[in-house]
Amino acid sequence: MILNLSDLSGFKNGKILLVDKPWGWTSFEIIKKIKSYILSTTTKKENLKIGHTGTLDPFATGLLIVLTGKYTKKVNEIQNYKKVYTGIMKLGCETLSFDSETEEYNFSSVLHITPQLIKKTSKKFLGEINQSPPYFSALKKKGKRLYEYARKGIKIIPQSRRVKIYKFHILKIGIPYIKFFIECGKGTYIRSIAQDFGKALRSGAYILSLRRERIGNFSMNSSSIELNISKEFSCYLLD
């Protein structure tokens, strides 16, 4: 079922939208596109509160929860929900961004890495672990995002923090590639998991592809009402 927007008041009262974010888009660009479309359905000069519950990097795809109107007050609540990701990491090298956004460097051997070693190492990442966010991240220092410094060649080392990993399953191994499943808590950087995983294997690693599958009980299967907002991404209204 595809729904055309016509009633702005409903979005001011509060709606939950589930977006399947495509590769290459920033979370901000998605928000801007949705807000522009909703406001274009009225001839009056109106404003609309709108926000998301957790950034997805441009290279990542999958679930982005967008809240409108009064529901924007739920942002902090939803940010605390567990998140599920699937993805592919590449062993044997690193990148400055810990993902495919920057060039590979620091190449290392993978000849000593076996499926048994990979599975054994993954168990070390369960529970509460210390993690340092990537140099390329949306965290701020002196009013600027860390990725703004990083793109100028300035490495700001973020303070490490405790994050929680509930599940870490290795789904498929084809060295140097590993397909994985992770369920984690608030504030976890999957890119940092890959970086640290590579080091634990005495090699290197970065995230080649990443998809967010679920936030709490929300997934792209949670609703069947599609909003006709863009041909470039799918957006659904939660029933």
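Mapping the sequence shown onto our numbering, position 137 (from 1) lands on 137, and the numbers just tick up by one. Every residue, glycine too, gets a C-beta built ideally from N, C-alpha and C. From a predicted model like this one, the values you see are computed outputs, not experimental measurements.
| Query | Result |
| --- | --- |
| Buried/exposed call for L146, threshold 16 Cβ in 10 Å | buried |
| Cβ-based neighbour list, L39, same chain, cut-off 7 Å, excluding 5 preceding and 5 following | E46 and L48 |
| Helix, strand or coil at D57 according to DSSP, with G and I counted as helix | coil |
| Proximity below 8 Å, CB of N130 to CB of G204 | no |
| Local Cβ density within 10 Å of G289, reported as buried at 16 or more and exposed below that | Residue 289 is absent from the model: the chain starts at 1 and stops at 239. |
| Continuous alpha helix (DSSP H) stretch holding T121: start and end | P115 to S122 |
| Where S100 sits in the DSSP three-state scheme | coil |
| Beta-ladder partner(s) of D196, from DSSP | According to DSSP, which records beta bridges pairwise, D196 is partnered with nothing at all. |
| Simplified DSSP state of L39, which is helix, strand or coil | helix |
| Option in L17, Y85 and P22 with minimal Cα separation from K35 | L17 |
| Supposed contact pair K167 and Y135 - C-beta distance, whole angstroms, cut 8 Å | Rounded, the Cβ-Cβ distance is 27 Å, inconsistent with contact. |
| Beta-bridge pairing of L17 - partner residues as DSSP gives them | V66 and L237 |
| Beta-carbon spacing of V84, R191 below 8 Å | no |
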